[in-house]
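In my numbering, the protein residues as written are 23 to 190.
Note that beta-carbon positions come from the ideal geometry of N, C-alpha and C, so glycine has one too.
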């Protein structure tokens with residue numbers, strides 16, 4: 023599994039400018055509001071899911087976005103969704119609960135996960151994610167985020183969660 027240092031080395035190799043803020047551990051949305059207030063850009067919530075057919079999903083959305091998991095499977099064409107186990111999360115993303123983020127896709131070398139990106143996050147000029155640990159937040163600009171995804175072979179499915187529709 024790739025580590026935070028490996029992630030940072032890849033971002034550096036890609037010429038991606040990052041700004042990382044060290045902080046106390048944050049485990050869920052709503053915690054660390056004082057930390058977020060000091061960091062510019064869109065903050066995220068990230069959900070690690072598994073559907074009834076064992077397909078894995080990672081959702082990255084703006085932290086305040088409401089995601090209706092009971093309806094989402096109709097929008098994305100999956101089977102019914104539920105949260106994936108901590109063991110499966112560590113096996114595929116190399117992170118533990120509280121540290122899930124799109125940066126974890128660096129460890130999904132077999133592309134077992136499908137990545138869903140919130141439209142609001144896809145349109146944000148700057149995005150912030152945990153860099154494989156929940157004791158830091160790393161911000162990058164949108165173009166660089168797309169460069170990162172392209173470098174690891176990930177094409178996001180963009181979903182407008184406010185309208186519950188896929189953006190083509």
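Limits of the beta strand (DSSP E) - the one that residue 67 falls within: Counted from its first residue, the chain shown places residue 67 at position 45. That run of the beta strand (DSSP E) goes 66-73.
(message) Classify residue 124: buried if its beta carbon has 16 or more other beta carbons within 10 angstroms, exposed otherwise.
(response) Indexing the chain shown from 1 puts residue 124 at position 102. Residue environment analysis places residue 124 among the buried positions, since at least 16 neighbouring C-beta atoms fall within 10 angstroms of its C-beta.
query: Can you tell me where the alpha helix (DSSP H) with residue 31 in it begins and where it stops?
result: Translated into positions along the chain shown, residue 31 becomes position 9. From DSSP, the alpha helix (DSSP H) with residue 31 extends over 26-35.
Rounded to whole angstroms, what's the CA-CA distance from residue 144 to residue 87? Just pull it up for me. Position 122 of the chain shown, counted from the start, is the residue given in the question as residue 144. Position 65 of the chain shown, counted from the start, is the residue given in the question as residue 87. Near 13 Å, if we compare the C-alpha coordinates of residue 87 and residue 144.
Touch check for the segment 153-170 and the segment 34-42: three-plus C-beta pairs under 8 Å?
yes
Quick check on DSSP: helix, strand or coil for residue 112? Position 90 of the chain shown, counting from 1, holds the residue named residue 112. DSSP places residue 112 in helix when its eight states are reduced to three.
* Segment limits, beta strand (DSSP E) that includes residue 161 -> The residue you call residue 161 lines up with position 139 of the chain shown. From DSSP, the beta strand (DSSP E) with residue 161 extends over 158-163.
Q | Beta-carbon proximity check, residue 142 vs residue 64, cutoff 9 Å | A | Sequence index remark: in the chain shown, residue 142 carries index 120 (1-based). Sequence index remark: in the chain shown, residue 64 carries index 42 (1-based). Contact flag set, yes.
Measuring alpha carbon to alpha carbon, tell me which residue in 149, 187, 168, 127 is nearest residue 25.
The residue labelled residue 25 in the question sits at position 3 within the chain shown. Residue 25 has its Cα closest to that of 127, out of 149, 187, 168, 127.
Item checked: Per DSSP, cross-strand counterpart(s) of residue 55 -> Within the chain shown, residue 55 is the residue found at index 33, counting from 1. Paired residues: none, contrary to the question.
- Task: Check the Cβ-Cβ distances between residue 99 and every residue of chain B, and say whether any is below 9 Å.
- Result: The structure shown contains no chain B, having only a single protein chain.
Inset, instruction - Tell me, please, whether the segment 176-184 touches the segment 131-138 by the rule of three or more beta-carbon pairs shorter than 8 Å. - result: yes
Helix, strand or coil, according to DSSP, for residue 84 in the structure here?
Taking the chain shown and counting its residues from 1, the one referred to as residue 84 is at position 62. It is a strand residue.
Classify residue 154 as helix, strand or coil using the three-state DSSP reduction.
Mapped onto the chain shown, residue 154 falls at position 132. Residue 154 falls in the coil class under three-state DSSP.
Just how far apart, CA to CA, sit residue 58 and residue 49? Looking up residue 58 in the chain shown gives position 36. Looking up residue 49 in the chain shown gives position 27. Going from the Cα of residue 58 to the Cα of residue 49 covers about 13 Å.
Quiz item: Is DSSP giving residue 134 helix, strand or coil here?
Solution: Start at 1 with the first residue of the chain shown, and residue 134 comes out as number 112. Reduced to three states, the DSSP call for residue 134 is coil.
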